[in-house]
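Under UniProt numbering, the first residue of the sequence shown is numbered 1, with each subsequent residue one higher.
One structure is given here, and the rest of the page talks about it.
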Amino acid sequence: MTRDLHRWAGCGSRSACRRPIPLLLTMILIVEDEPKLAALMGDYLRAAHYETEWVDDGTRAVQRVRETSPELVLLDLMLPGKDGLEICREVRAFSDLPIVMVTARVEEIDRLLGLELGADDYICKPFSPRELVARIKTILRRVQRGGAQPESLLLIDNTAYSATLRGQRLDLTPVEFRLLSALANAPGRILSRANLLEQIYDDHRIVTDRTVDTHVKNLRRKMELVSPGTEMIHSVYGVGYRLDA
């Protein structure tokens with residue numbers, strides 16, 4: 001079953017309000033079987049001037065993606081009829097639109113990352129609706145730019161093993177460079193600590209996940225030195241890191 005939540009602003013039903021929102025807004029498809037959570041997400045997204053539509057059954061999700069062509073999909077992992085994993089795979093077969101996976105367990109995110117489903121972000125319940133809106137804005141800005149980092153902000157030369165931030169060269173160790181390169185190659189996407197360790201240490205040495213935290217701390221400090229106030233590397237609690245422009 002689908003429910004049209006996007007025709008009226010600030011209302012729980014069409015009869016409750018007759019003030020239409022402007023057309024041509026960015027449309028977000030919410031695939032969530034919990035009515036209260038779907039309504040909450042819809043309220044916050046409409047307050048941020050997005051259109052929304054709600055699908056509460058996994059069997060209809062892919063069809064609605066094809067029919068409505070949303071700019072982004074909020075996709076719950078556990079759904080009746082068809083789970084979020086299968087829906088994500090099916091959508092990725094014909095579209096590269098941004099997908100944010102929603103799960104009830106932090107530890108589940110690491111498994112999802114390992115499956116390399118192609119989701120753009122992951123968020124764990126319970127979450128702050130404001131954080132969700134902020135993440136969506138970041139993802140959509142990146143998509144509108146074509147997914148690339150602005151040349152004036154961050155430049156990485158893999159052949160010379162060098163990186164510049166706002167025209168200033170970063171003094172990085174080889175490990176820090178590989179870490180930055182790994183994050184920059186997947187802008188806006190969460191990379192788990194295990195994934196990053198595999199990319200920065202090619203000799204399979206035994207190190208702990210916290211080693212990544214130390215390198216990220218040092219990398220942030222060096223980026224701050226050449227470009228004060230620039231915050232590009234963000235931590236995702238219990239999971240890993242992502243780099244945003």
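The beta-carbon is built from N, C-alpha and C at its ideal position, and this holds for glycine as well.
Note that the coordinates shown come from a computational prediction; the quantities given were computed from them, not determined experimentally.
- Query: Sorted by chain position, which residues of the same chain lie with C-beta nearer than 8 Å to LEU197's C-beta, five sequence neighbours on each side aside?
  - Reply: VAL207, ASP209, THR211 and VAL212
- Determine, using beta carbons only, whether residue 262 and VAL100 come nearer to each other than 9 Å. Nothing can be reported for residue 262, as the shown portion of the chain is limited to 1 through 245.
- Contacting residues, own chain, Cβ-Cβ under 8 Å from PRO174 (five flanking each side not counted): TYR161
- Query: Measuring CA to CA, which of THR138, GLU108, LEU140 and SER95 is closest to residue 313?
  - Reply: Residue 313 is absent from the model: the chain starts at 1 and stops at 245.
- Message: LEU165 and MET223 - do their beta-carbons sit closer together than 9 Å?
- Response: yes
- Message: Can you list, in chain order, the residues of its chain with a C-beta nearer than 6 Å to that of ALA148? Leave out the 5 residues immediately preceding and following it.
- Response: Summary for ALA148: the model assigns pLDDT 46, below 50, so the residue's position carries little reliability; its value from the coordinates is reported in the next sentence. Closer than 6 Å at the Cβ level, and outside the excluded window around ALA148, lies no residue.
- Message: Is the separation between the beta-carbon of LEU79 and that of LEU29 shorter than 9 Å?
- Response: no
- Pull up the distance between the alpha-carbon of residue 246 and that of ARG193, whole angstroms please. Because the chain in this structure spans residues 1 to 245, residue 246 falls outside the shown range and cannot be described.
- Determine the contact status of LYS137 and ALA38, defining contact as a CB-CB distance below 9 Å. no
- Task: Could you check what DSSP says for ILE21 in three-state terms: helix, strand or coil?
- Result: Annotation note: pLDDT 42 at ILE21 (below 50); position unreliable, coordinate value reported separately. Here ILE21 sits in coil by DSSP.
- Query: When we look at the beta-carbon of PHE127 and count the other beta-carbons within 10 Å, is it buried (16 or more) or exposed?
  - Reply: exposed
- Task: Flag this pair as yes or no: are the beta carbons of THR26 and GLY42 separated by less than 9 Å?
- Result: no
- Close Cβ partners of LEU219 (< 8 Å) along its chain, the five nearest in sequence each way excluded: LEU172, GLU176, LEU179, LEU180 and ILE233
- Message: Per DSSP, what are the beta-bridge partners of VAL31 in this structure?
- Response: VAL55 and LEU75
- Item | Boundaries of the beta strand (DSSP E) in which HIS49 is found, first to last residue | Careful: HIS49 lies outside any beta strand (DSSP E) and carries neither H nor E.
- Leaving aside the five residues before and after SER152 along the sequence, list all residues of the same chain whose C-beta is less than 6 Å from its C-beta, in chain order. Because SER152 carries a pLDDT of 47, less than 50, the predicted location of this residue cannot be relied on, and no value is offered for it.
- Could you spell out the range, first to last residue, of the alpha helix (DSSP H) harbouring SER181? 174 to 184
- Grouping DSSP H, G and I as helix and E and B as strand, with all else coil, what is ARG189? coil
- Cβ-based neighbour list, ALA104, same chain, cut-off 8 Å, excluding 5 preceding and 5 following: LEU77, MET78, CYS124 and LYS125
- Message: Let me check one thing: in DSSP terms, what residues is ILE233 bridge-paired to?
- Response: LEU243
- Task: Compute the beta-carbon to beta-carbon distance between ASP236 and ILE190, rounded to the nearest angstrom, for a pair I have assumed lies under 8 Å.
- Result: According to the sequence displayed, residue 236 carries Val and not Asp. So it is a contact: roughly 5 Å between Cβ atoms.
- Task: Return the residue from the list VAL102, TYR50 and ALA61 that minimises the CA-CA distance to VAL91.
- Result: ALA61
- Message: Give me the DSSP bridge partner(s) of GLN168.
- Response: LEU165
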